[in-house]
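Enquirer:
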Amino acid sequence: MQQFLNTLVSGASLGSIYSLMALAMILVWRSTRVVNFAQAGQAVLSTYVGLEIHRITHSYVLTLVVAIIFGAIFGALVDLLLVRPLLRRVGDGPIAAVAPVIVTLGLLGALQGFVGLVWGGEYRSFPAAFSQDGINIGTMKIPFSQFDFFILLVTLAVMLTFAYIFQRSGLGLAMRAAAFEPEVAQLAGVRVARVRTIGWAFAGAAGALAGALITPTTLLAPNSLDLLLVFGFTAAVLGGLESLVGGVVGGFLLGLGLAFVVAYLGGSFTFMTAFVVLIVVLLVRPQGLIGARRMRNA
Amino acid sequence: MLSIAGLTTDHGQVRALDDVTFDVPAGSLTAVIGANGAGKTTLLRTVTGLVKPTSGTVRWYSQDLLCLPTEQLVRHGVAHVPEGRSVVAELTVSENLQLGALWRGKDPDVQIARDEVLALFPILSERLGQRADTLSGGERQMLAIARALIARPKLLLLDEPSLGLAPLIVEQIFQTLDRLRKESGLTVVLVEQNAVSALEIADHAVLLSLGQIVVSGSAKLIEKDTQLRHAYLGY
Numbered sequence: 264m265q266q267f268l269n270t271l272v273s274g275a276s277l278g279s280i281y282s283l284m285a286l287a288m289i290l291v292w293r294s295t296r297v298v299n300f301a302q303a304g305q306a307v308l309s310t311y312v313g314l315e316i317h318r319i320t321h322s323y324v325l326t327l328v329v330a331i332i333f334g335a336i337f338g339a340l341v342d343l344l345l346v347r348p349l350l351r352r353v354g355d356g357p358i359a360a361v362a363p364v365i366v367t368l369g370l371l372g373a374l375q376g377f378v379g380l381v382w383g384g385e386y387r388s389f390p391a392a393f394s395q396d397g398i399n400i401g402t403m404k405i406p407f408s409q410f411d412f413f414i415l416l417v418t419l420a421v422m423l424t425f426a427y428i429f430q431r432s433g434l435g436l437a438m439r440a441a442a443f444e445p446e447v448a449q450l451a452g453v454r455v456a457r458v459r460t461i462g463w464a465f466a467g468a469a470g471a472l473a474g475a476l477i478t479p480t481t482l483l484a485p486n487s488l489d490l491l492l493v494f495g496f497t498a499a500v501l502g503g504l505e506s507l508v509g510g511v512v513g514g515f516l517l518g519l520g521l522a523f524v525v526a527y528l529g530g531s532f533t534f535m536t537a538f539v540v541l542i543v544v545l546l547v548r549p550q551g552l553i554g555a556r557r558m559r560n561a
Numbered sequence: 002m003l004s005i006a007g008l009t010t011d012h013g014q015v016r017a018l019d020d021v022t023f024d025v026p027a028g029s030l031t032a033v034i035g036a037n038g039a040g041k042t043t044l045l046r047t048v049t050g051l052v053k054p055t056s057g058t059v060r061w062y063s064q065d066l067l068c069l070p071t072e073q074l075v076r077h078g079v080a081h082v083p084e085g086r087s088v089v090a091e092l093t094v095s096e097n098l099q100l101g102a103l104w105r106g107k108d109p110d111v112q113i114a115r116d117e118v119l120a121l122f123p124i125l126s127e128r129l130g131q132r133a134d135t136l137s138g139g140e141r142q143m144l145a146i147a148r149a150l151i152a153r154p155k156l157l158l159l160d161e162p163s164l165g166l167a168p169l170i171v172e173q174i175f176q177t178l179d180r181l182r183k184e185s186g187l188t189v190v191l192v193e194q195n196a197v198s199a200l201e202i203a204d205h206a207v208l209l210s211l212g213q214i215v216v217s218g219s220a221k222l223i224e225k226d227t228q229l230r231h232a233y234l235g236y
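Line by line, the protein sequences give chains A and B.
Counting from 264, one number per residue, gives the positions in the first sequence under the working numbering.
Counting from 2, one number per residue, gives the positions in the second sequence under the working numbering.
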């Protein structure tokens, strides 16, 4: 019973981070129809930037804030300088579907190579906001730490903020319209290209936060967020790749599922399980578990 | 007024619009009619910058429309309702209306405009909280037009509003259009395959065939020209 509860809480904490990464992937997919594999590279870069800030200021809050802002700006730049010109060049041509995939994979490699050059390849520790030791309740020690609690609170706050922006603000309405019907949005006066770049910035911020929150556990190296990318993408696909709510639910489902796999089958099963889940979902329910079913005109 | 001069648009090797020239007087309703593939949709899409022309000019009063990005047009009083009941299916009716007025920010007139378009299409008031993809075809078309009208355009470009709708609904939408432009002085360009209904409410008509203007002039005269009707409109 205790192991069950332990698994549940650690799964929830991991799941919330996967949700953030899923949100990042979904925001980019919805606005630009590109699966951004470079998201992990962007997050690694912003986490190294955060590490530098921590070295200089020793302030965790500043570390987190700078990493997030850097992630947002860098995300916007990736869209402005790379993706937007690329899509303009390939147009509707024969490589239109595959070119963005190759470019974001290429960017992932380039970013990982870059941080390796600047900061070296060895694993570095990254600060956590609070103790990562489990909490004592009476004589029982549960693995759920103060930092896990912090992770849950922060991701919840971010998700509520996103929900508010998307459902209640004019910017959110413009983003949703631009994502689903760019032409109608444009004719209604929405600056679609600008709104897309804002989507990339939000995604960059969410990815940066996910990176900064998971790194105290995984340690930091040029490729230390590759797993997060896989899990985030799997969570996004679980949720149907289209719905933000779906991504959050997918992230928590995956986090909990993987935690139970680790607890009851062993850690070596995680990676394989994530991919099996990804393939099974795509085969059986390509619209995602929550199924943001899109009834089109036809 | 709207002046289109020498407008030529190519889709790859195919010339979709060939040297099209005509004027739409302010406050008039001009029907652009012709068979499928005549270039009617391309005409509207070129005017609003969704398709780039090979040559030609489009002026709305003194404003050169072709040099404006599409998203700026609504700020110059030009609204375009593209073919196919163009609403955002994933948004509610209320959100679709809000979208149409988003660029106007907190202008207090938005609420007044919203009330006015809901008065034009009362059925939408009963659907405000519903997602647009739950609407019937006719309701969707009404929402698409309402979304355009809430911006208070001076020029409304409508692409095949009757497509796939029951005759009764078409009648209703056309009557509303007719009333609207008589009351508000709105200038309307109505692209229609349904020439009978369009000519009924139009002042002027432009008959397109294979991208070229066959004839343009008074809607009444074209309506009465049996030869033209037989040759190009099939009735």
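Positions of the beta carbon are idealized from the N, C-alpha and C atoms, including for glycine.
#1: Does any residue of chain B bring its CB to less than 7 Å from the CB of G433/A?
#2: Kindly indicate which three-state DSSP category S294/A falls into: helix, strand or coil?
#3: Beta-carbon within less than 6 Å of R132/B's beta-carbon, same chain only, minus the 5 sequence neighbours each way: which residues are those?
#4: Let me know if F389/A comes out buried or exposed under the rule of 16 or more other beta-carbons within 10 Å of its beta-carbon.
#5: Counting beta carbon pairs with one atom in the stretch 324-336 of chain A and one in the stretch 459-471 of chain A, are three or more of them shorter than 8 Å?
#6: Listed from N- to C-terminal order along the chain, which residues in the stretch 439-461 of chain A have their beta-carbon within a distance smaller than 8 Å of any beta-carbon of chain B?
#7: If we count Cβ pairs, one from each stretch, closer than 8 Å, do we get three or more for the stretch 537-554 of chain A versus the stretch 26-34 of chain B?
#8: So is R153/B buried or exposed if we call it buried at 16+ other beta carbons inside 10 Å?
#9: So L229/B and A440/A are in contact, right, with Cβ under 8 Å, and what is the actual spacing, rounded?
#10: Tell me the rounded alpha-carbon separation between G369/A and A301/A.
#11: Quick check: is the beta carbon of H12/B nearer than 7 Å to any beta carbon in chain A?
#12: Do you know how far the Cα of K53/B is from the Cα of A203/B?
#13: Measuring straight from C-alpha to C-alpha, what distance separates R317/A and S309/A?
#14: State yes or no: is the beta carbon of N560/A nearer than 7 Å to at least one beta carbon in chain B?
#15: Taking buried to mean at least 16 other C-beta atoms within 10 Å of its own C-beta, is T497/A buried or exposed?
#16: Select from F413/A, K404/A, G435/A and V366/A the residue whose C-alpha is nearest the C-alpha of S276/A.
#17: Rounded to the nearest angstrom, how far is the Cβ of E72/B from that of V455/A, given a contact under 8 Å?
#18: Mind listing, in chain order, the continuous alpha helix (DSSP H) runs of no fewer than 4 residues lying wholly within the stretch 176-204 of chain B?
#19: By the criterion of Cβ-Cβ separation under 7 Å, what are the contact partners of E72/B in chain A?
#20: If you draw a straight line from the C-alpha of V190/B to the C-alpha of T43/B, how long is it?
#21: When you compare the CB of L436/A with every CB in chain D, is at least one pair closer than 7 Å?
#22: So, using beta-carbon positions, are L3/B and W61/B closer together than 7 Å?
#23: List the residues of chain A that L139/B touches, going by C-beta distances under 9 Å, in chain order.
#24: Should the stretch 530-546 of chain A be called in touch with the stretch 500-517 of chain A, which here means at least 3 C-beta pairs below 8 Å?
#25: Excluding sequence positions up to five away, which residues of its chain have a Cβ less than 7 Å from the Cβ of L119/B?
#26: Taking C-alpha atoms, which residue in L343/A, L450/A and A471/A lies nearest to G308/B?
#27: Could you name the residues of the same chain whose beta carbon sits closer than 7 Å to that of A561/A, not counting the 5 residues immediately before and after it, in chain order?
#28: Tell me the DSSP bridge mates of H81/B?
#29: Please decide whether S87/B counts as near chain A, where near means a Cβ-Cβ distance under 7 Å.
#30: How far does the beta strand (DSSP E) with R60/B in it extend, from its first residue to its last?
#31: Just the chain A side, please: which residues come within less than 9 Å of H81/B by C-beta, in chain order?
#32: Could you pull the start and end residues of the alpha helix (DSSP H) that H19/B belongs to?
#33: Using the C-alpha atoms, what's the distance from L472/A back to M422/A?
#34: Comparing the C-beta of W104/B with each C-beta of chain A, is any distance below 7 Å?
#35: Mind listing the chain A neighbours of G101/B? Cutoff is C-beta to C-beta under 7 Å, in chain order.
#36: Got a sec, what are the start and stop residues for the beta strand (DSSP E) T10/B sits in?
Expert: The structure says:
#1: Residue-level contact check: G433/A touches chain B, since one or more beta carbons of chain B fall below 7 Å from its beta carbon.
#2: Correct three-state label for S294/A: helix.
#3: In chain order, T93 place their CB closer than 6 Å to the CB of R132/B, counting only its own chain and leaving out the 5 sequence neighbours on each side.
#4: Per the 10 Å Cβ criterion, buried.
#5: Yes, they touch.
#6: If you check each beta-carbon in the stretch 439-461 of chain A against every beta-carbon of chain B, the ones closer than 8 Å belong to R439, A440, F443, E444, E446, V447, A448, Q449, L450, A451, G452, V453, R454 and V455.
#7: Short answer: they don't touch.
#8: Within 10 angstroms of the beta-carbon of R153/B lie 16 or more other beta-carbons, which makes it buried.
#9: The pair is not a contact, with the Cβ atoms about 41 Å apart (cut-off 8 Å).
#10: Distance between the alpha carbons of G369/A and A301/A is about 8 Å.
#11: For H12/B, the closest Cβ of chain A is not nearer than 7 Å.
#12: Taking the straight line joining both Cα atoms gives about 28 Å.
#13: The identity of residue 317/A in the sequence shown is His, whereas the question assumes Arg. A straight-line Cα-Cα distance of about 12 Å links H317/A and S309/A.
#14: For N560/A, the pLDDT reaches just 32, beneath the cut-off of 50, and the residue's location in the model is therefore unreliable, leaving the point undetermined.
#15: That one is buried.
#16: When each option's Cα is compared against that of S276/A, the closest is F413/A.
#17: E72/B to V455/A, Cβ: 7 Å. Contact.
#18: Whole alpha helix (DSSP H) segments, 4+ residues: 196-202.
#19: What E72/B touches in chain A: Q449, G452, V453, R454 and V455.
#20: When the Cα atoms are used, V190/B and T43/B turn out to be separated by approximately 13 Å.
#21: The question asks about chain D, but that chain is absent: this structure's protein chains are A and B.
#22: Result yes, Cβ atoms of L3/B and W61/B sit closer than 7 Å.
#23: The residue you asked about is not Leu; residue 139/B is Gly in the sequence shown. Residues of chain A whose Cβ lies closer than 9 Å to the Cβ of G139/B do not exist; the shortest such Cβ separation is about 14 Å.
#24: Three or more Cβ pairs drawn from the stretch 530-546 of chain A and the stretch 500-517 of chain A lie within less than 8 Å of each other, which places the two stretches in contact.
#25: Counting only Cβ-Cβ distances below 7 Å, and skipping sequence neighbours, we find L125 and S126.
#26: The first residue shown for chain B is 2 and the last is 236, placing residue 308/B beyond what the model contains.
#27: Its pLDDT being 30, under 50, A561/A is placed unreliably in this model, and the coordinates cannot settle the point.
#28: Looking at the DSSP assignment, H81/B forms a beta bridge with L158/B.
#29: It does: the Cβ of S87/B has a partner Cβ on chain A nearer than 7 Å.
#30: S56 to W61 is the span of the beta strand (DSSP E), which, as asked, contains R60/B.
#31: Those within 9 Å of H81/B in chain A are L450.
#32: In the sequence on display, residue 19/B carries Asp and not His. Counting along the chain, D19/B falls outside any alpha helix (DSSP H), though it belongs to the beta strand (DSSP E) covering V15 to V25.
#33: Taking the Cα positions, M422/A is about 12 Å away from L472/A.
#34: Using a Cβ-Cβ cut-off of 7 Å, W104/B counts as an interface residue toward chain A, since at least one Cβ of chain A sits closer than that to its own.
#35: The contacting residues are A451.
#36: It spans L3 to H12 - the beta strand (DSSP E) in which T10/B sits, taken as one unbroken run.
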